[in-house]
Amino acid sequence: MKFGIELLTVFDLDPISFIEIAANQGSSTISLGLSQFPKPVFGCEPWSIKEDQALFHSVQSALRQNEVGVALGEGFAIRAGQNIQQLDTDLGLMAELGASRINTVVMGVEGKEADAQLLWLAERCAGLGMKMTLEFAPGLSVATVAQALECLERVDHPNAYLLIDTMHWFRSGGCVQDITRVPAGLIDYVQISDCRLRNEAKGGQLRAENLNGYMQEATFERLLPGLGELPLLDFCSALERVSQTPLVYSIELPNLAQAQMAESASAWVHQCLCATRSVLNPPQTS
Numbered sequence: 009m010k011f012g013i014e015l016l017t018v019f020d021l022d023p024i025s026f027i028e029i030a031a032n033q034g035s036s037t038i039s040l041g042l043s044q045f046p047k048p049v050f051g052c053e054p055w056s057i058k059e060d061q062a063l064f065h066s067v068q069s070a071l072r073q074n075e076v077g078v079a080l081g082e083g084f085a086i087r088a089g090q091n092i093q094q095l096d097t098d099l100g101l102m103a104e105l106g107a108s109r110i111n112t113v114v115m116g117v118e119g120k121e122a123d124a125q126l127l128w129l130a131e132r133c134a135g136l137g138m139k140m141t142l143e144f145a146p147g148l149s150v151a152t153v154a155q156a157l158e159c160l161e162r163v164d165h166p167n168a169y170l171l172i173d174t175m176h177w178f179r180s181g182g183c184v185q186d187i188t189r190v191p192a193g194l195i196d197y198v199q200i201s202d203c204r205l206r207n208e209a210k211g212g213q214l215r216a217e218n219l220n221g222y223m224q225e226a227t228f229e230r231l232l233p234g235l236g237e238l239p240l241l242d243f244c245s246a247l248e249r250v251s252q253t254p255l256v257y258s259i260e261l262p263n264l265a266q267a268q269m270a271e272s273a274s275a276w277v278h279q280c281l282c283a284t285r286s287v288l289n290p291p292q293t294s
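In the numbering used here, the protein residues as written are 9 to 294.
Next up, the structure:
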């Protein structure tokens, strides 16, 4: 099993360094946004692929020269007060960078309005040669796998897929056996991290006093595989049994304290990869 690296794992790291580190560590895919994650960890200057044309072309070159692909484009949330069609230019930029798929979440938008925007995004991505994935998480409008499946069934577009984040899956009440509830071929992308194991909220809906704590943990305090309580090997083995096509597995491991203690961004990525490989690619015993 091979693993990509998610952009949240490397915090403020500039995209050129990110691409080079991924290649040097044996990862051929990354996720990428068009602007910097605003949390200084590795001392990088502010950057924007969207606003800096020279950087945009440098990223294109770095991806090509290092044989790294953008497996997931981030920054395309469907949120209250903004129509996803306003991000059409950004979608075009992601397509020019060779992104394979675009990920979205639904925040503060419900019902037919959310469905209509998801349908537009799935269709627009198809026209640009990219897949669209929908991610669920406790506290969002689409908070559980059941809600995500209902949403995708209503949208009913062949270019709309499901993204699974292992933390969100288990903390919204999911278990390994629930994988069998997902229609074959719908899961397309898996984000790997570890965490404490508990049902965060009934039906994936967080009480107001719990939302900030969960988001803080998900954004800054995820655990290296093997240091938490998730049954990651069993989960990924179940995914492999039901998947019809090869899945993309990528490490989403933002841990602010541990990243700050690492000697470098490269050392931190290496630590994440080693921990993940040790859990999901265990040595074979005779």
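All residues carry an ideal CB built from backbone N, CA and C; glycine is no exception.
Would you call residue i buried or exposed, if buried means 16 or more other Cβ atoms sit within 10 Å of its Cβ?
i	result
E82	buried
T188	exposed
E104	exposed
S272	exposed
N263	buried
A145	buried
L80	buried
K210	Any reading at K210 needs caution, since the residue's pLDDT is 49, under 50, leaving its predicted position unreliable; the model's value is listed next. Under this definition K210 is an exposed residue.
K120	exposed
E217	Bear in mind that a pLDDT of 48 at E217, under 50, signals an unreliable position, so the number given afterwards is only what the model happens to contain. Exposed: under 16 other Cβ atoms inside 10 Å.
P233	buried
Terminal residues of the continuous beta strand (DSSP E) containing residue i?
i	result
E82	That residue, E82, is in no beta strand (DSSP E); it is neither H nor E in DSSP.
S39	T37 to L40
R109	R109 to T112
Going by C-alpha distance, which of the options is nearest residue i?
i	options	result
T112	K120, L101 and C133	C133
L126	F64, N167, N218 and C244	N167
D164	S180, A124, V184 and L235	A124
L238	E271, N91, D186 and W177	W177
Q266	F45, V18, V153 and A30	V18
L247	A192, F50, Q279 and A154	A192
G51	D173, C203 and D22	D22
F228	R206, T253 and D202	D202
On the DSSP bridge assignment, give the partners of residue i in chain order.
i	result
L170	L142 and I195
Y257	V198
E229	N263
Considering residue i, what are the terminal residues of the alpha helix (DSSP H) in which it resides?
i	result
I92	No alpha helix (DSSP H) holds I92; DSSP gives it neither H nor E.
H278	A273 to L288
G100	D96 to E104
A270	No alpha helix (DSSP H) contains A270, which DSSP labels as neither H nor E.
E158	V153 to V163
request  = Would you be able to state if there are at least three C-beta pairs under 8 Å between the region 71 to 80 and the region 93 to 107?
outcome  = yes
task = Would you check if the region 243 to 258 and the region 220 to 231 touch, i.e. whether three or more CB-CB distances between them fall below 8 Å?
result = no
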